[in-house]
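Colleague: Structure incoming, see below.
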Amino acid sequence: MLTGCGHRSAEAKPEFESAAELPEKLGKDGTTILVGDPDAKVTVHLYEDPRCPVCEEFETTGGAPQLREATLHRRATTEYTLASFLDDRLGGSGSKKAVNALRAALEEGKFVEYHEVLYANQPEESVDGFTDAHLLELAGQVEGLRGPEFNEAVKSMKYRSFVTASEEAYERAGGAKDPKGPGTPTAVINDKRIPAEYNGLLFDSDAFGELLREIHARPWEWEQTAL
11 MLTGCGHRSA EAKPEFESAA ELPEKLGKDG TTILVGDPDA KVTVHLYEDP RCPVCEEFET
71 TGGAPQLREA TLHRRATTEY TLASFLDDRL GGSGSKKAVN ALRAALEEGK FVEYHEVLYA
131 NQPEESVDGF TDAHLLELAG QVEGLRGPEF NEAVKSMKYR SFVTASEEAY ERAGGAKDPK
191 GPGTPTAVIN DKRIPAEYNG LLFDSDAFGE LLREIHARPW EWEQTAL
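Under my numbering, the residues of the sequence shown are numbered 11 to 237, in order.
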């Protein structure tokens with residue numbers, strides 16, 4: 011792993027004051043959701059299933075809060091590929107419904123805030139609790155999200171094709187070694203995937219935050235690191 015402590019360099023641009031200010035958009039591939047300053051030195055690509063309890067651990071008590079801080083300070087940009095394989099594995103439709111709702115939130119410029127709310131209120135994995143009613147109820151916690159267009163998009167599965175394409179992108183990311191997908195959560199930092207045996211980094215908030223700072227300070231060392 012990288013050694014030594016990175017230092018924060020002077021920022022050329024002002025920092026974002028809150029998650030609500032973070033730029034967010036759909037990538038050119040039609041499935042990747044991009045959040046933050048695209049010129050940041052560190053890019054963290056996350057693969058998540060909204061129904062996955064391990065993703066919830068990463069998002070609430072693991073490394074995600076440190077990643078959010080890095081994104082707010084323009085040190086990192088965050089990318090998401092949203093999977094929905096747990097519906098097929100466990101039965102139900104909660105993952106697909108949640109991914110559709112997240113895509114609808116992106117259309118309203120509220121993806122980041124809604125994504126945070128969903129993980130903070132994730133139902134038990136076996137319950138399949140991301141129903142239309144619950145997703146709309148949770149959307150009420152995000153100022154300005156609820157409205158006729160968002161509500162209808164959730165109820166009608168407006169972004170069904172996105173849900174399918176996003177799951178397919180997740181599966182492709184596994185390559186020949188993992189044809190069903192790399193597992194969730196998986197993090198790829200500056201095009202270098204953290205191997206499963208080092209996934210503990212994702213759940214140690216301090217260690218993950220330090221890793222992000224080190225890569226920001228010396229990205230060339232990360233490229234040469236043998237994990």
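Heads up, the beta-carbon is just placed ideally off N, CA and C, and yes, glycines get one too.
1. In its own chain, which residues sit with a C-beta less than 6 Å from the C-beta of H132, not counting the 5 before and 5 after it?
2. Report buried or exposed for W230, applying the criterion of at least 16 other Cβ atoms within 10 angstroms of its Cβ.
3. Given that a residue counts as buried once 16 or more other Cβ atoms are within 10 Å of its Cβ, and exposed if not, what is G46?
4. K3 by DSSP, collapsed to three states: which one?
5. Inspect the beta-carbon positions of N209 and T53 and report whether they are closer than 8 Å.
6. Hey, would you say Y129 sits closer than 8 Å to T70, going by beta carbons?
7. Hey, out of E118, V198 and V64, whose CA is closest to G154's CA?
8. Pick from L56, G72, A163 and G150: whose alpha carbon is nearest that of K106?
9. Any idea what DSSP makes of Y169, helix, strand or coil?
10. Please look up how many angstroms separate the CB atoms of G101 and G139, rounded, as I've assumed it's under 8 Å.
11. Would you list, in sequence order, the uninterrupted beta strand (DSSP E) runs of no fewer than 3 residues that lie entirely inside the region 46 to 126?
12. Are E159 and L82 touching if we call contact CB-CB under 8 Å?
13. Do you know whose CA, among D98, E126, F68 and T42, lies nearest S28's CA?
14. Over the uninterrupted beta strand (DSSP E) stretch that includes L36, give me the two end residues.
15. For V109, count the other beta carbons within 10 Å of its own beta carbon; 16 or more makes it buried, fewer makes it exposed. Which is it?
16. Could you work out which residue in D59, L96, V122 and F95 is closest to R78 when comparing CA atoms only?
17. For I43, which residues does DSSP report across the bridge?
18. Alpha carbon to alpha carbon, what distance is there between T196 and E31?
19. Quick one: measure Cβ to Cβ for T91 and A179, integer angstroms, because I've assumed they're closer than 8 Å.
20. Taking 8 Å as the cut-off, decide whether the C-beta atoms of F68 and G191 are in contact.
Modeller: Let's see:
1. Reading off the sequence, residue 132 comes out as Gln, not His. Taken in chain order, the residues that qualify are E66.
2. exposed
3. buried
4. A question about residue 3 goes unanswered here, because the residues of the chain that appear run from 11 up to 237.
5. no
6. yes
7. E118
8. A163
9. coil
10. The Cβ separation is near 13 Å, so there is no contact.
11. 52 to 58 and 86 to 92
12. no
13. E126
14. E34 to L36
15. buried
16. V122
17. L36 and Y90
18. 26 Å
19. 5 Å
20. no
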